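At position 55 of the sequence shown the residue is numbered 55 (the numbering used here), and the sequence of numbers has no breaks.
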Amino acid sequence: MKALLYPLISEKSVKLIEQENTITFIVNEKANKIEIKREFERQFGVKVDEVRVCTTKHGEKKAYIRVNKAFKAREIATKLGVL
């Protein structure tokens with residue numbers, strides 16, 4: 001099962017990247033925090049400090065992934081084409 005589906009691009013997500021070193025992803029609705037963290041760390045080669053999830057009113061599951069301060073969320077977002 002693929003946990004990460006695609007990065008979310010919005011004003012709020014860009015603000016989180018710049019201010020809180022956090023990237024927002026839409027994830028598989030059956031994925032849990034541990035699976036999301038492992039896949040993100042494996043795919044991007046960074047350390048994740050925290051994963052928060054919520055379900056939107058449209059039925060999508062959103063994950064806020066905070067990257068360790070030793071890494072820059074901005075660099076990951078640039079690779080993904082978010083910034």
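Each residue gets a CB set at the ideal place from its N, CA and C atoms; glycine is no exception. Owing to the predicted nature of the structure, the values given are computational and were not obtained by experimental measurement.
Exercise for the section: Pick out whichever of V46, H58, G59 has its Cα sitting closest to the Cα of T22. Expected result: For the purposes of this step, residue 22 is taken as residue 22 along the sequence shown, with counting starting at 1. When each option's Cα is compared against that of T22, the closest is V46.
Exercise for the section: Check the C-beta distance from P7 over to L83 and give it rounded, since I have them as a contact under 8 Å. Expected result: Position 7 of the sequence shown, counted from the start, is the residue given in the question as residue 7. Position 83 of the sequence shown, counted from the start, is the residue given in the question as residue 83. With a Cβ gap of about 10 Å, P7 and L83 do not count as contacting.
Exercise for the section: Check whether the Cβ atoms of A31 and A73 sit closer than 9 Å, and answer yes or no. Expected result: Looking up residue 31 in the sequence shown gives position 31. Looking up residue 73 in the sequence shown gives position 73. No; because the gap between Cβ atoms is not below 9 Å, this pair is not in contact.
Handout entry: the stretch 11-25 / the stretch 57-75 touching (three or more Cβ pairs under 8 Å)
Key = yes
Problem - Boundaries of the beta strand (DSSP E) in which K69 is found, first to last residue - result: Counting from 1 along the sequence shown, the entry for residue 69 is found at position 69. Looking at the DSSP string, K69 is not in any beta strand (DSSP E), and its letter there is neither H nor E.
Handout entry: Straight-line gap, V27 to K15 (C-alpha atoms, nearest Å)
Key = Sequence index remark: in the sequence shown, residue 27 carries index 27 (1-based). Sequence index remark: in the sequence shown, residue 15 carries index 15 (1-based). Approximately 20 Å between the Cα atoms of the pair.
Handout entry: DSSP beta-bridge partners of K61
Key = Residue 61 sits at position 61 when you count from the first residue of the sequence shown. According to DSSP, which records beta bridges pairwise, K61 is partnered with V27, T55.
Exercise for the section: Give me the Cα-Cα distance between I84 and K61, rounded to the nearest whole angstrom. Expected result: Given a span of 1 to 83 for the chain in the structure shown, any question on residue 84 remains unanswerable.
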